[in-house]
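Colleague: Numbering (my numbering), first residue to last: 6 to 184. Idealized CB from N, CA, C, for every residue including glycine.
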Amino acid sequence: MENIQTRVTIGLVNPKTPVNVGGIMRAAGCYRVDNVCYTGKRYELAAKSGDAQYDVDTKDAAKRIPLVGVESLLDSVPDGATIVCVDLVVGATPLPLFTHPENAFYIFGPEDGTIPQQLIDAATAVVYVPTVGCMNLAASVNVLLYDRLAKMTQMDAGDELIRQSRDNNNRTKVKHWLK
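1. Rounded to whole angstroms, what is the Cα-Cα separation between T87 and S81?
2. Could you check which residue in G28, K21, L17 has the C-alpha nearest to that of Y48?
3. Taking all protein chains shown into account, decide if V73 is buried (16 or more other Cβ within 10 angstroms of its Cβ) or exposed.
4. Can you give me the Cβ contacts of T119 inside the same chain, cut-off strictly under 6 Å, excluding the 5 residues immediately before and after it?
5. If you run the structure through DSSP and keep just helix, strand and coil, what is L17?
6. For N147 and T11, which I take to be in contact (beta-carbon distance under 8 Å), what is that distance rounded to the nearest angstrom?
7. What's the C-alpha gap between Y111 and T14?
8. How big is the Cα-Cα spacing for A52 and I70?
9. Based on the DSSP secondary-structure assignment, which residues constitute the bridge partners of P83?
10. For a cutoff of 7 Å on Cβ pairs, would you count T119 as touching chain D?
11. Inspect the CB distances between the segment 33 to 42 and the segment 124 to 140 and report whether three or more fall short of 8 Å.
12. Candidates M157, K180, G114, D152: which alpha carbon is nearest V26's?
13. Residues bridged to G74 by DSSP?
14. Look at the alpha carbon of L150 and the alpha carbon of P83, and state the distance between them as a whole number of angstroms.
15. Is the CB-CB distance between L78 and T44 below 7 Å?
16. Between which two residues does the beta strand (DSSP E) containing P133 stretch?
17. With DSSP collapsed to three states, give me the class of V91.
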């Protein structure tokens, strides 16, 4: 993906749990997100309390990708970025039918709420994952970012990427017994 000039920013509306934000940061590292910003105080308060169930960002993406608290997501839109809200909103486009912009600012609602109407109104697109029931916040971010990757016309692929990306304990390989 390094040969394609795309930019991705994730915006989170008042996220609640360090586990979800940690999962989002791990996904951000896997899918080469440029930065993550969030509004509200709930995440900061929960993170400071030390009550996180477990650390899901085991690849330490938060050390490489900025995670920044902001007052307003609208005031934090990167230059030239297209705002895309991702939530179960009446009238939204199903994610499988959506064409991702090259420079995207994806906004996700909180675990126990939705994206404010002001942000929906400011968006160029509003998309949803067509599931039965609502997904976990971190899972929604992962699905959106995978959909973006799957629809790219060019991407890094191959055994070298696998070697660089896999866990240290993974040394398996496909045996080509049929020739």
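Modeller: With the structure as the only source:
1. 12 Å
2. Taking only the C-alpha atoms, the option nearest Y48 is K21.
3. exposed
4. D92, listed in sequence order.
5. strand
6. For a cut-off of 8 Å, the C-beta gap from N147 to T11 is around 18 Å, too long to register as a contact.
7. 6 Å
8. 17 Å
9. According to DSSP, P83 bridges with nothing at all.
10. Looking for chain D here will not work: only one protein chain is present.
11. no
12. G114
13. Y43
14. 18 Å
15. yes
16. As written in the sequence, residue 133 is Tyr, which differs from the Pro given in the question. That run of the beta strand (DSSP E) goes 130 to 133.
17. strand
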